[in-house]
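Written below as structure tokens is the structure these notes are about.
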Amino acid sequence: MDAPTAHSAVNTPTRFVEVKGRRLAYRDIGEGIPIILCLRFRGILDSWDPAFLDALAAHHRVITFDYSGLGQSTGEPSYVRRRLAQDAIDLADALGLERFIIGGWSLGGIAAQVATRLHPERIIKQILIGTTPPGKVRFGAKPLFFERALKPVNDLDDEIVLFFHPESQKSRAAAVASHDRIAARTTDVSPAIPIQTVLKMLAETQAEDIFVDDNGYRDFLKTTDIPVLVISGDKEIVFPVENWFDVAPQTKSVHLMVFPQMGHGPQHEAPRICADLITSFIQNG
């Protein structure tokens, strides 16, 4: 008999659950404590670096998904924060997960914080990568981010600028390696989000603050006992890590890790280090 195929992020099949009138697409690798990961702005299932997911799945059950109406999921697309968070909760319900770790990258980190605020009894720990604390912050995204992030189609050079540190040769090389790992999956790939859909969703969420503190999110972050790991690069152009320097000392459970000479996607530049850090935090934090 042939040995069963070992599933990795590159070859695991996309699965679907029907919940509340829409179909959520997800992928599920590894065993152990479940981790649900929420996507970045314009992200789809195939925006995650397989090396990061596989390293994390060596010790945990790792679940990624497409938000409603995006990628391979059906329903009404929206970047309203509560709706993104609800996608994660509904997926957990459909998979029978009473308690789990929630994580997110960039916009997904905001969704993870909202989900935790709304359902703290279900969240074991939080993993926040390249994201922002709630409410007003001192430092905003650099204009270069918007110039690149809102192009109709992003190429490798855009990825280098958006997620890495283009002034570092080491970071540029890491960007190419990560791009190639993501491109290794050639079947069952989620379609990119059309720019028209992106702009429509942005118009629904325009506000002075990128993470509007309309439900006591910052106060919750300051007082919660749920352990929170924040991972950021010191060359972050979207959500400058200095904003976490302002908030973290006022909290009880935020652990802040800053990677030198890295940008918005440290888990893609140093996938194994980030996965090892997260694993250690889950086991010991």
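Residue numbers 1 to 285, in full-length UniProt numbering, belong to the letters of the sequence shown in order. Note that CB positions come from ideal geometry on N, CA and C, so glycine has one too.
Under DSSP, Ile124 shares a beta bridge with no residue.
About 6 Å separates the Cβ atoms of Ile102 and Gln126, confirming a contact at the 8 Å cut-off. For the pair Cys38 and Gly130, the CB atoms are not nearer than the 8 Å cut-off. Per DSSP, Glu18 is not a residue of any alpha helix (DSSP H); the beta strand (DSSP E) it occupies stretches across 15-19.
Lys151 is classed as exposed because its beta carbon has fewer than 16 other beta carbons within 10 Å across all chains shown.
Within the DSSP bridge table, the entry for Cys38 names Gly104 as partners. Counting of Cβ neighbours within 10 angstroms places Leu199 among the exposed residues, the total staying below 16. Taking Ile89 as the centre and dropping the five residues before and after it, the same chain places the C-beta of Ala115, Leu118, His119, Arg122 closer than 8 Å to its C-beta, in chain order. Annotation: Gln86 to Glu76 spans about 13 Å, alpha carbon to alpha carbon. Residue range 61-65 is occupied by the beta strand (DSSP E) that includes Ile63. Asn243 counts as buried, since no fewer than 16 other beta carbons sit within 10 angstroms of its beta carbon.
The Cβ atoms of Thr132 and Phe239 sit closer than 8 Å to each other. Pairing Arg185 with Asp46 gives a Cβ-Cβ distance under 8 Å. Secondary structure within the region 121-166: the beta strand (DSSP E) runs of 3 or more consecutive residues, fully enclosed, are 123-129 (chain order). Remark: C-beta atoms of Gln72 and Ala25 approach each other more closely than 8 Å. Between His268 and Phe41 the beta-carbon gap is near 15 Å, outside 8 Å, which marks them as no contact. Taking one beta carbon from each stretch, the region 159-166 and the region 16-32 have fewer than 3 pairs nearer than 8 Å; the two do not touch. Contact between Arg272 and Ala57 does not hold, since the beta-carbon distance rounds to 12 Å and is not under 8 Å.
At a Cβ-Cβ threshold of 8 Å, Arg83 and Ser106 do not count as neighbours. Residue pairing of Val241 in beta bridges, as defined by DSSP: absent, with no partner found.
Under the three-state reduction of DSSP, His255 is assigned to strand. In the same chain as Glu98, and ignoring 5 residues on each side of it, the C-beta atoms closer than 7 Å to its own belong to Arg122, in chain order. For Tyr26, the enclosing beta strand (DSSP E) starts and ends at 22-29. Its Cα nearest to that of Thr205, the residue Arg81 stands out among Ser190, Leu144, Arg81, Glu236. A distance below 8 Å between beta-carbons, with the five flanking residues on each side excluded, links Arg27 to the following residues of its chain, in chain order: Ala9, Thr12, Pro13, Thr14, Arg15, Leu45, Ile63, Thr64, Phe65.
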